[in-house]
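*Asks:* The sequence shown: position 611 = 604 (the working numbering), numbered continuously.
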Amino acid sequence: MATDTLKSQSGASGASGGLRRILLDNGALTALILLVVAMSALSGDFLTTDNLLNIGVQAAVTAILAFGVTFVIVSAGIDLSVGSVAALSATVLAWSATSEGVPVWIAVILAVATGIACGLVNGLLVSYGKLPPFIATLAMLSVGRGLSLVISQGSPIAFPDSVSHLGDTLGGWLPVPVLVMIVMGLVTAVILGRTYIGRAMYAIGGNEEAARLSGLRVKKQKLVIYALSGLFAAAAGIVLASRLSSAQPQAAQGYELDAIAAVVIGGASLAGGTGKASGTLIGALILAVLRNGLNLLSVSAFWQQVVIGVVIALAVLLDTLRRKAGSPGGAAGTGGGSVLSGGRSPLKLALAAVVVAAVVGAMTFVNSGSSSSANQKVGLSLSTLNNPFFVQIKKGAQEEAKKLGADLTVTDAQNDASQQANQLQNFTSEGLGSIIVNPVDSDAAGPSVRAANKADIPVVGVDRGVNKANTAALVASDNVEGGQLGAKALAEKLGGKGRIVILQGLAGTSASRERGAGFAEGLKAYPGIEVVAKQPADFDRTKGLDVMTNLLQAHPDVDGVFAENDEMALGAVKALGSKAGKSVAVIGFDGTPDGLKAVKDGTLYASVAQQPTELGRIAVQNALKAAEGEKVEQTVKVPVKVVTAENVDEFSG
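1) From this set, L274, R192 and A234, which residue's C-alpha is nearest A56's C-alpha?
2) Specify, as a first and last residue, the run of the beta strand (DSSP E) that F555 falls within.
3) By a C-beta neighbour count over all protein chains shown, 10 Å radius and 16 as the cutoff for buried, is Q546 buried or exposed?
4) Report the residue from N463, G553 and M541 whose alpha carbon sits nearest the alpha carbon of K481.
5) What separation, rounded to the nearest whole angstrom, lies between the Cα atoms of A270 and G439?
6) Quick check on the burial criterion: 16 or more other C-beta atoms within 10 angstroms. Buried or exposed for E643?
7) To the nearest whole angstrom, what separates the beta carbons of V579 and L597, a pair I think is in contact under 8 Å?
8) Look at the alpha carbon of G268 and the alpha carbon of A254, and state the distance between them as a whole number of angstroms.
9) What separation, rounded to the nearest whole angstrom, lies between the Cα atoms of G139 and A530?
10) Whole angstroms is fine: what's the gap from T42's alpha carbon to Q214's?
11) Under DSSP, the alpha helix (DSSP H) around T41 begins and ends at which residues?
12) Which value, in whole angstroms, describes the spacing of the CA atoms of P381 and D400?
13) In this structure, how does DSSP classify G581 when only helix, strand and coil are distinguished?
14) Which parts of the region 142 to 191 are runs of the alpha helix (DSSP H), unbroken and 4 residues or longer, counting only runs that do not cross its ends?
15) Look at M541 and G564 and say whether their C-beta atoms are less than 8 Å apart.
16) Could you round the C-beta distance between V78 and I144 to whole angstroms and report it? I think they count as a contact, below 8 Å.
17) I244 and A234: beta carbons closer than 8 Å?
18) Can you check DSSP and say which residues form a bridge with P126?
19) Bridge partners of V468, per DSSP?
20) With respect to the beta strand (DSSP E) encompassing P529, which residues constitute its N-terminal and C-terminal limits?
21) Based on the DSSP output, what are the partners of T637 in its beta bridges?
22) Identify, in the order they occur along the chain, each residue of the same chain with its Cβ nearer than 8 Å to the Cβ of S576, setting aside the five sequence neighbours on each side.
23) Quick check: the Cα distance between G20 and G260, rounded to an integer number of angstroms?
24) Beta carbon of G178, beta carbon of V169: below 8 Å?
25) Three or more beta-carbon pairs under 8 Å between the region 464 to 477 and the region 621 to 633, yes or no?
26) How would you write the range of the alpha helix (DSSP H) that L103 sits in, first residue to last?
27) Quick one: what's A573 bridged to in DSSP?
28) Can you tell me which of L28, G76 and A484 puts its alpha carbon nearest to the alpha carbon of G521?
29) Any chance the region 404 to 413 sits against the region 372 to 381, with 3 or more Cβ pairs inside 8 Å?
30) Who are the near neighbours of A277 in its chain, counting only those whose CB is closer than 6 Å to its CB and skipping five residues on each side?
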């Protein structure tokens, strides 16, 4: 009936009806179109060639990961390990090509083989070990990340130049990551729609027992499915590391959730049996458009997480409603029926409109008090806002920007170098007057800062420098010197001898490396001090508490603790209980408000204070001067000092 009706229409009305049917039957596509229109109306910087290419680059890694996850979800499985497998594959490539001197082409093969091997292990655990996919891939998530850290020793490894070109552009404008994304998408579409294994995925996802009884060798098919997911994860890891010019052992953390979200937003069902490559690509683009647009509109990093979470929740709600309504999926995952099919397609359109309306409404609300566009615009990309030290930098920067009449946009990279690269690209395409960056990693920030250099946008580093790029100024205290001061203060407190433990920061970050190196250098003058244990606690108070509690079981007679930030030091104080400040001296780093309060109370012996609020203020001052073409000092040092109970009242962060 529907076919006869369409045939009877005129050419013009047939085209119109076809477009209407496409939009109604593809809620994700409709949502993407509406989002693009809404972002274009809200930001004049959105619909430019440079920014649209940025969106493509920013979607590439998530999309490639999501294509691999599509295979698994179509077959009613789940893969939580893809982010860690991506990081591990990139680390294997960089390590083998640089540290071991393996030819680059062999290193690439090793990286791809690593991804496939991880996928095969997942498949074996699921098919033959009878583990639930959630548990099997969760285990691989931990194993992959751990191996990445072991191989790299927690530090980024420079990527081979010949492979780093994957992060470049062709002809000076077409990004290679976008081309790789398109190729991997076409491969996914062919596998799903034109191959035996693709048909097997839909059969297994639709009804695994029926597929087995029909003669499908389900266990072997699952091995292939998870191996494909690992292969795509390896490709994503190589592209990601190429963009950053380094393999980051902590790269792609949380990307597995973005990949799953992209697949579900694109119309696949978590119950299996439906899904397609085009839908997954659209889902990845929706996430990239959201993040890009929210950055351009100066929406708070915290609100961005809320908005994206709402979109993911609504997408899963749509999946649930679609399955309850009995929407057919089709062997090739083509989605629902015709526009006449009982109102299900209008439901998709309505939900897509609700998603866009919610996003636009939220953005309008949170931006209602933004500064006038006539003010000088400055972007500040912080490595994380999940740490009081960087919150204080933000506070100082905002106070100074308000005082000087500047329009400051603050973003949170969440300790993810690739996310920070995206944010810096957005700042560049927006054409800001100047950019301030607190790098997650000094090497990884280099390519994005070089892009800003090409656009003649001055960049100011704060707290950490940027390697292989030009910065107008670096506003920082010396982390190495701070580590040395911490070593001296702790050693003198212990009388030059004693047993101590060190709580290290997030592996791979320059702050952790520099503070640790400074502390080790400072201890050389005190041979009577013995370091009995060093363990990472990721700059986190809760992890500091847990790690210190564990270390006390093996070293109950410890005399001192050096933590590479105040948060971990406060966790250690909690673990030590009554020993803190009495029989055990604890020294932190940063001079945060909570840390200074603990120093005043006597539970924390000292904190190596960096005056973070002052860092933020001076960074804004220099960024505005650089934007106006004024000369600024190449390096602006903010003094560090050891704050103890004797001088804490004199100190202001």
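Each residue gets a CB set at the ideal place from its N, CA and C atoms; glycine is no exception.
*Replies:* Put simply:
1) If you number the sequence shown from 1, residue 56 lands on position 63. Taking only the C-alpha atoms, the option nearest A56 is L274.
2) Here the question's residue 555 lines up with position 562 in the sequence shown. Run containing F555: G553 to A556, per the beta strand (DSSP E) assignment.
3) Mapped onto the sequence shown, residue 546 falls at position 553. Flag for Q546 reads exposed.
4) Along the sequence shown, read from residue 1 onward, the residue named residue 481 stands at position 488. Of the candidates N463, G553 and M541, G553 places its Cα closest to the Cα of K481.
5) Along the sequence shown, read from residue 1 onward, the residue named residue 270 stands at position 277. Along the sequence shown, read from residue 1 onward, the residue named residue 439 stands at position 446. When the Cα atoms are used, A270 and G439 turn out to be separated by approximately 33 Å.
6) Counted from its first residue, the sequence shown places residue 643 at position 650. By the neighbour-count criterion, in which 16 or more other beta carbons inside 10 Å mark a residue as buried, E643 falls on the exposed side.
7) Counted from its first residue, the sequence shown places residue 579 at position 586. Counted from its first residue, the sequence shown places residue 597 at position 604. Approximately 5 Å separates the beta-carbon atoms of V579 and L597; this is inside 8 Å, confirming the contact.
8) Numbered from 1 along the sequence shown, position 275 holds the residue referred to as residue 268. Numbered from 1 along the sequence shown, position 261 holds the residue referred to as residue 254. Rounded to whole angstroms, G268 to A254 spans 13 Å at the Cα level.
9) Here residue 139 is taken as the residue at index 146 of the sequence shown, counted from 1. Here residue 530 is taken as the residue at index 537 of the sequence shown, counted from 1. Across the structure, G139 and A530 are spaced so that their CA atoms are roughly 14 Å apart.
10) For the purposes of this step, residue 42 is taken as residue 49 along the sequence shown, with counting starting at 1. For the purposes of this step, residue 214 is taken as residue 221 along the sequence shown, with counting starting at 1. Taking the straight line from one Cα to the other gives about 42 Å.
11) Taking the first residue of the sequence shown as position 1, residue 41 is located at position 48. Secondary structure note for T41: it is in no alpha helix (DSSP H), with a DSSP letter that is neither H nor E.
12) Residue numbering aside, residue 381 sits at position 388 when the sequence shown is read from its first letter. Residue numbering aside, residue 400 sits at position 407 when the sequence shown is read from its first letter. So the alpha carbons of these two residues sit roughly 23 Å apart.
13) Indexing the sequence shown from 1 puts residue 581 at position 588. Secondary structure at G581: strand, using DSSP grouped into helix, strand and coil.
14) Qualifying alpha helix (DSSP H) stretches, in chain order: 154 to 157 and 169 to 187.
15) Here residue 541 is taken as the residue at index 548 of the sequence shown, counted from 1. Here residue 564 is taken as the residue at index 571 of the sequence shown, counted from 1. Result yes, Cβ atoms of M541 and G564 sit closer than 8 Å.
16) Your numbering for residue 78 matches position 85 in the sequence shown. Your numbering for residue 144 matches position 151 in the sequence shown. A Cβ-Cβ distance of about 13 Å is found for the pair V78 and I144, leaving them out of contact under the 8 Å criterion.
17) Indexing the sequence shown from 1 puts residue 244 at position 251. Indexing the sequence shown from 1 puts residue 234 at position 241. Checking the sequence, you will find Ala at residue 244 rather than Ile. Against a cut-off of 8 Å, the Cβ pair of A234 and A244 comes out as a contact.
18) Locating residue 126 in the sequence shown gives position 133, where the first residue counts as 1. Answer is none; P126 lacks a bridge partner.
19) Here residue 468 refers to the residue found at position 475 when the sequence shown is read from its first residue. DSSP lists V455 and V629 as partners of V468.
20) What you label residue 529 is simply residue 536 of the sequence shown in a count that begins at 1. First-last of the beta strand (DSSP E) with P529: I522 to P529.
21) Walking along the sequence shown from the start, residue 637 turns up at place 644. Paired residue(s): A599.
22) Position 583 of the sequence shown, counting from 1, holds the residue named residue 576. For S576, where only same-chain residues beyond five positions count, the Cβ hits under 8 Å are D552.
23) As a position in the sequence shown, residue 20 is number 27, starting the count at 1. As a position in the sequence shown, residue 260 is number 267, starting the count at 1. Taking the Cα positions, G20 is about 8 Å away from G260.
24) Along the sequence shown, read from residue 1 onward, the residue named residue 178 stands at position 185. Along the sequence shown, read from residue 1 onward, the residue named residue 169 stands at position 176. No, the pair does not count as a contact, with Cβ atoms beyond the cut-off.
25) The region 464 to 477 is in contact with the region 621 to 633.
26) Walking along the sequence shown from the start, residue 103 turns up at place 110. Per DSSP, L103 belongs to the alpha helix (DSSP H) from V97 to S120.
27) Here residue 573 corresponds to residue number 580 of the sequence shown, with the count starting at 1. Note: A573 sits in a beta bridge opposite V577.
28) Residue mapping note: residue 521 aligns to position 528 of the sequence shown, counting from 1. Comparing Cα positions, the closest option is A484.
29) Flag = yes, the region 404 to 413 and the region 372 to 381 touch.
30) Taking the sequence shown and counting its residues from 1, one reaches residue 277 at position 284. Once the five neighbours on either side are set aside, the close Cβ partners of A277 are A52, T55, A56, A59 and A255.
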